[in-house]
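K.L.:
So the sequences go chain by chain: L and P.
Be aware that the first sequence starts at 1, since it is given in the numbering used here, and climbs by one per residue.
Be aware that the second sequence starts at 460, since it is given in the numbering used here, and climbs by one per residue.
Beta carbons are placed, not taken as given, at the ideal position from N, Cα and C, and that holds for glycine.
Note that the structure is predicted; figures quoted are calculated from it, not measured.
A single structure is presented below for examination.
Number of protein chains: 2
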Amino acid sequence: MLSPSIKSELKRIVGKENFSSLSEDLLCYSFDATNNPSKADAVIFPSTAEEISLILKMANAEDFSVVPRGAGTGFTGGAVPIEGGLLLSTERMKDINIDEENLLATVGAGAITGDIQDMADALGLFYPPDPTSAKFSTIGGNIAECAGGPRAVKYGTTRDYVLGLEVVLPTGEIIVTGVKTLKGVVGYDLTRLVTGSEGTLAIITRAYLRLIPAPMARRTMYAAFAELTEAALAVSSIIGSRIVPSTLELIDESSLKCVEEQGVLKFPELGGILLIEVDGDEGSVDEKAARIKDICVECNSVEFRVAEDKWEVKDLWKVRKAISPALYRIRPKKINEDIVVPRSKMVELIRGVKDISTERDVVIACFGHAGDGNIHVNIMIDGDDAKERERGEEATKDLFKLTLSLGGTISGEHGIGTSKAPYLEMELDRNSIELMKRLKDSFDPKGILNPGKIFIDKE
Amino acid sequence: MLSPSIKSELKRIVGKENFSSLSEDLLCYSFDATNNPSKADAVIFPSTAEEISLILKMANAEDFSVVPRGAGTGFTGGAVPIEGGLLLSTERMKDINIDEENLLATVGAGAITGDIQDMADALGLFYPPDPTSAKFSTIGGNIAECAGGPRAVKYGTTRDYVLGLEVVLPTGEIIVTGVKTLKGVVGYDLTRLVTGSEGTLAIITRAYLRLIPAPMARRTMYAAFAELTEAALAVSSIIGSRIVPSTLELIDESSLKCVEEQGVLKFPELGGILLIEVDGDEGSVDEKAARIKDICVECNSVEFRVAEDKWEVKDLWKVRKAISPALYRIRPKKINEDIVVPRSKMVELIRGVKDISTERDVVIACFGHAGDGNIHVNIMIDGDDAKERERGEEATKDLFKLTLSLGGTISGEHGIGTSKAPYLEMELDRNSIELMKRLKDSFDPKGILNPGKIFIDKE
């Protein structure tokens with residue numbers, strides 16, 4: 001608990017209007033998308049790195065924990081203050097500056113990713129990382145989790161666009177990592193070490209992002225299949241044929257049914273659909289689209305459409321964007337995983353998931369970024385039914401075993417946080433984990449920053 | 460010094476034919492491209508991670524240092540055993556396997572980068588990082604230094620293609636970092652922390668590399684300018700116009716003169732030339748080339764040529780490839796820097812370098828990857844002339860000050876090693892350096908791996 005004197009000192013640092021320990025505020029900042037809320041003792045809204053530096057120095061001196069938070073859209077509990085302490089929201093630090101000549105964006109940690117994309121777009125530039133939460137999530141949170149999204153298949157993830165960072169170390173020092181140029185190799189790569197460290201190594205206050213020229217043209221396609229394995233085979237075939245789509249999303253029958261149940265759309269008798277985009281020069285996109293059509297037809301697609309205008313594009317995306325909320329409404333306590341497998345193993349993954357679903361008697365809905373092998377596997381349990389929860393947990397373990405046996409990874413873009421921490425040792429060996437913990441200690445000797453995440457101490 | 464019993468144990472680990480302390484062998488492994496040789500006490504040629512693990516465990520127990528080495532083509536002393544000890548060459552670990560379906564190369568640390576490129580190319584695939592040393596340098600060395608090259612302007616550097624690594628920690632544990640899939644965010648990003656760590660954090664034994672489909676078409680162009688600032692302006696204008704060339708190299712008058720002195724080629728009255736490539740779909744490269752021509756003409760180019768066939772491409776590249784050896788032959792002890800500036804600052808950099816050259820009375824030859832702001836600035840001193848050497852060192856300091864004042868970095872791809880270690884504090888603040896040293900200690904508590912690199916301890 002934060003003592004009255006600590007609270008009044010914190011108010012002095014940020015101004016009393018930027019600090020709260022009111023129960024209703026604590027509730028608002030107690031959750032992320034995992035639906036496992038936990039309240040902090042207080043919430044603070046600093047506006048500068050200097051204020052954060054003072055807060056962290058105080059946390060070290062007074063021994064309280066600090067949990068950084070962007071917009072709380074994460075899927076693994078990274079921003080949830082599971083041990084109480086001080087919740088530090090970066091939402092006020094949201095300035096965005098674009099240097100058109102150098103294709104560089106300088107942004108505050110609290111800037112909304114979608115706003116960065118929009119500002120870049122207005123200048124003919126492009127910030128490709130595009131987590132589905134982009135309209136709400138902050139760039140600081142995206143960097144902390146190394147967010148991905150549908151475009152990663154062609155453009156990579158957040159880490160590929162972060163040139164440098166301003167961060168506050170857990171002990172209060174403000175440092176600038178990396179560069180503002182396209183290249184730089186001076187000292188160890190702290191930029192990429194902090195990226196994806198889930199708010200456990202430093203608090204990001206500012207980022208220097210690489211932008212690229214926006215592609216000239218884009219084509220959006222829809223392919224429907226009677227069997228999901230046919231759709232999965234089409235994914236492997238597209239990649240194997242050396243086409244690099246800018247998006248290659250797969251949606252399975254269970255996901256389609258959930259969308260149907262919400263009354264929005266109908267997909268009679270489909271095993272799965274693909275949503276595909278290609279981008280590039282005007283001359284090349286139609287040719288790529290034609291090749292993709294041929295592959296889908298060869299894989300027995302029952303329907304193939306190329307969107308003719310931006311309204312049809314929006315229409316096609318409506319299905320994909322409806323899935324996550326639809327699944328959530330039906331099963332708010334579902335288990336949502338984001339495993340990745342080598343793309344040639346997509347069919348094996350799909351078959352394996354079907355087996356797990358049968359064996360553990362749970363509905364499993366699969367959708368996501370098939371183009372880079374990253375599938376969101378949703379185990380649709382009723383979290384209030386203890387037996388079903390147990391079966392869900394067994395299914396999760398089966399899924400991770402299957403994924404790892406196929407040469408994959410248990411998280412492509414959501415991170416470990418608290419929800420995957422129990423499974424960390426399935427993927428990482430003891431020596432790697434010990435090394436990572438030593439790195440954490442090098443940054444945060446007192447362990448005040450975002451405790452209880454990634455690593456579970458087994459005594 | 461290594462005791463006889465240590466030597467005989469090392470021979471036992473790798474086989475006596477894979478160990479040497481003969482003076483002629485030590486000489487061969489005493490240098491890199493910095494021309495500041497230093498001999499190890501012995502050289503060892505392991506063939507597996509397990510052998511390296513035994514060697515490093517022994518180094519910890521017996522307290523001797525180990526210096527990993529690829530092909531010794533580095534520019535900052537990274538592979539030079541400046542404190543003696545054991546030189547560990549990875550040259551025997553050179554297997555290359557390409558998984559065509561998943562666009563993945565699994566390679567031993569000692570594999571030659573050019574061989575990986577060639578094998579990928581034969582399958583229609585592409586490994587873009589292309590340091591000028593690629594025909595000789597190893598992928599392990601490239602990863603340790605985060606090598607760049609002419610294509611970085613479009614394709615990024617080595618770090619953008621390393622998905623995962625097998626490494627041996629300085630304390631002897633073998634770990635696998637990262638993933639073999641396109642995405643992965645499980646735990647801290649050890650892959651990118653080791654990448655660019657200059658052989659100080661771990662010995663890389665194997666790498667999992669991302670390949671991409673080879674571009675369908677490429678155009679190579681040559682533009683000559685009477686004034687170097689015009690060439691530099693053309694660079695900024697090309698980038699500012701949102702064209703992303705796959706290569707955009709600049710060569711200044713001093714570099715051209717050095718090539719001329721070698722009697723290969725003639726460049727009368729030129730202030731600088733650009734060598735430009737664009738790649739992509741067949742339909743788009745000619746249009747991009749035409750736009751680049753327009754920009755060069757606007758910037759007063761006195762000559763502009765598009766190569767008509769592969770022989771002419773080779774011809775155009777001959778100039779660029781001749782520079783480094785030509786400069787080296789004329790001034791073997793020249794100072795070779797690889798600073799980077801924001802691309803809009805290219806003209807200011809060029810003017811500033813000219814001023815430094817005049818003020819310090821040293822010839823400075825500039826060439827390199829102007830497209831990403833990374834210029835190789837060669838201060839052409841006679842290293843045996845003490846006064847000239849001193850002026851060269853002052854010019855280096857001036858250059859770094861200028862670079863940093865323009866928002867740049869003192870190294871884009873060569874690293875720090877020993878040659879830039881005295882200047883590290885010009886770019887990094889004390890807190891960052893202290894943090895990096897703590898990270899080093901987390902990996903290598905006894906400091907046995909590649910000592911004396913990056914950080915200079917000031918007592």
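Per the contact definition of three or more C-beta pairs closer than 8 Å, is the segment 28-48 of chain L in contact with the segment 91-98 of chain L?
P.N.:
yes
K.L.:
Under 7 Å, do P/L692 and P/C755 count as touching if we go by C-beta distance?
P.N.:
When the beta-carbon positions are compared, P/L692 and P/C755 stay at least 7 Å from each other.
K.L.:
Give the DSSP bridge partners of L/R69, in chain order.
P.N.:
L/S89
K.L.:
Does any C-beta atom of chain L lie closer than 7 Å to the C-beta of P/E918?
P.N.:
Confidence in P/E918 is poor, its pLDDT being 45 and thus under 50, which makes the residue's placement too unreliable to answer from.
K.L.:
Under 7 Å, Cβ to Cβ, is there at least one residue of chain L near P/K860?
P.N.:
no
K.L.:
Examine chain A for any beta-carbon lying closer than 7 Å to the beta-carbon of P/G474, and answer yes or no.
P.N.:
Protein chains L and P are contained in the structure displayed, whereas chain A is not.
K.L.:
Give the secondary structure of P/L469 by DSSP, where H, G and I count as helix, E and B as strand, and everything else as coil.
P.N.:
helix
K.L.:
Hey, quick one: how far does the alpha helix (DSSP H) through P/D574 stretch, first residue to last?
P.N.:
T572 to A581 is the span of the alpha helix (DSSP H), which, as asked, contains P/D574.
K.L.:
Here's the rule I'm using: 16 or more other beta-carbon atoms within 10 Å means buried, otherwise exposed. How should L/E459 be labelled?
P.N.:
Low confidence applies to L/E459: its pLDDT is 46, below 50, so where it sits in the model is not reliable, and the reading given next is rough at best. It is exposed - the Cβ of L/E459 has fewer than 16 other Cβ atoms within 10 Å.
K.L.:
So, does the CB of P/K905 fall closer than 7 Å to a CB anywhere in chain L?
P.N.:
no
K.L.:
Consult DSSP for L/P332 and reduce its assignment to one of helix, strand or coil.
P.N.:
Of the three classes helix, strand and coil, the one that applies to L/P332 here is coil, per DSSP.
K.L.:
Going by the beta-carbon positions, is the gap between P/F826 and P/I710 smaller than 7 Å?
P.N.:
Yes.
K.L.:
What do you get for L/K7, buried or exposed, if any count of 16 or more other CB atoms within 10 angstroms of its CB means buried?
P.N.:
buried
K.L.:
Take P/A492 and list the residues in its own chain whose beta-carbon comes closer than 7 Å to its own, dropping the five residues that flank it on each side.
P.N.:
T532, G533 and F534
K.L.:
Note down, in chain order, all residues in the segment 640-652 of chain P with a beta-carbon under 8 Å from any beta-carbon belonging to chain L.
P.N.:
T640, L641, K642, G643, V644, V645, G646, Y647, D648, L649, R651 and L652
K.L.:
Under a Cβ-count criterion, where at least 16 other Cβ atoms within 10 Å of its own Cβ denotes burial, should P/P727 be classed as buried or exposed?
P.N.:
It is exposed - the Cβ of P/P727 has fewer than 16 other Cβ atoms within 10 Å.
K.L.:
List the residues of chain P that L/S137 touches, going by C-beta distances under 8 Å, in chain order.
P.N.:
None at all; the shortest Cβ gap to chain P is about 15 Å.
K.L.:
So with Cβ pairs under 7 Å, would you call L/M436 a contact of chain P?
P.N.:
Answer yes: the Cβ-Cβ gap between L/M436 and chain P drops below 7 Å somewhere.
K.L.:
By alpha-carbon positions, which one of L/S3, L/R329 and L/V377 ends up nearest to L/V363?
P.N.:
L/V377
K.L.:
Would P/M680 and P/E741 be called neighbours here (beta carbons separated by less than 7 Å)?
P.N.:
In this structure, P/M680 sits away from P/E741, with a CB-CB distance that is not shorter than 7 Å.
K.L.:
Can you check whether the C-beta of L/C28 is within less than 7 Å of a C-beta belonging to chain P?
P.N.:
no
K.L.:
In the DSSP assignment, the alpha helix (DSSP H) including P/S870 goes from what residue to what residue?
P.N.:
Looking at the DSSP string, P/S870 is not in any alpha helix (DSSP H), and its letter there is neither H nor E.
K.L.:
Output needed in chain order: residues of the segment 550-570 of chain P with a Cβ under 9 Å from some Cβ in chain L.
P.N.:
D558, E559, E560, N561, L562 and L563
K.L.:
Tell me, to the nearest whole angstrom, how far the beta carbon of P/L545 is from that of P/D484; I am working on the premise that it is less than 8 Å.
P.N.:
P/L545 to P/D484, Cβ: 12 Å. No contact.
K.L.:
Tell me which residues of the segment 865-886 of chain P have at least one Cβ-Cβ distance to chain L shorter than 9 Å, keeping chain order.
P.N.:
Within the segment 865-886 of chain P, the residues whose Cβ lies closer than 9 Å to some Cβ of chain L are G866, G867, T868, I869, S870, G871, E872, H873, G874, I875, K879, L883 and E886, listed in chain order.
K.L.:
Classify P/I907 as helix, strand or coil using the three-state DSSP reduction.
P.N.:
Here DSSP, grouped into helix, strand and coil, assigns P/I907 to coil.
K.L.:
Please report the straight-line C-alpha distance between P/F684 and L/V107, rounded to a whole angstrom.
P.N.:
38 Å
K.L.:
Starting from the Cα of P/F595, find the closest Cα among P/L584, P/G615, P/D574 and P/G830 and give me that residue.
P.N.:
The candidate whose alpha carbon is nearest that of P/F595 is P/D574.
K.L.:
When burial is assigned at 16 or more other CB atoms within 10 Å of the CB, is L/P325 buried or exposed?
P.N.:
Exposed.
K.L.:
For chain L, find out if any of its Cβ atoms is closer than 7 Å to the Cβ of P/N601; answer yes or no.
P.N.:
no
K.L.:
Starting from P/S714 and walking both ways along the alpha helix (DSSP H), at which residues does that stretch end?
P.N.:
Looking at the DSSP string, the run of the alpha helix (DSSP H) that includes P/S714 is E712 to E720.
K.L.:
From L/R331 to L/A79, what does the alpha carbon distance come to, in whole angstroms?
P.N.:
Here the alpha carbon of L/R331 sits roughly 22 Å from the alpha carbon of L/A79.
K.L.:
Any residues in the segment 607-619 of chain P with a beta carbon nearer than 9 Å to a beta carbon of chain L? Which ones, in chain order?
P.N.:
G607, A611, V612, G615, T616, R618 and D619
K.L.:
Say whether chain P places a C-beta atom closer than 7 Å to the C-beta of L/D294.
P.N.:
No, no contact with chain P.
K.L.:
Does P/G569 pass the burial test, meaning 16 or more other C-beta atoms within 10 Å, or should it be called exposed?
P.N.:
buried
K.L.:
Please return the same chain residues whose Cβ sits closer than 7 Å to the Cβ of L/M119, not counting the five positions on each side in sequence.
P.N.:
I96 and I98
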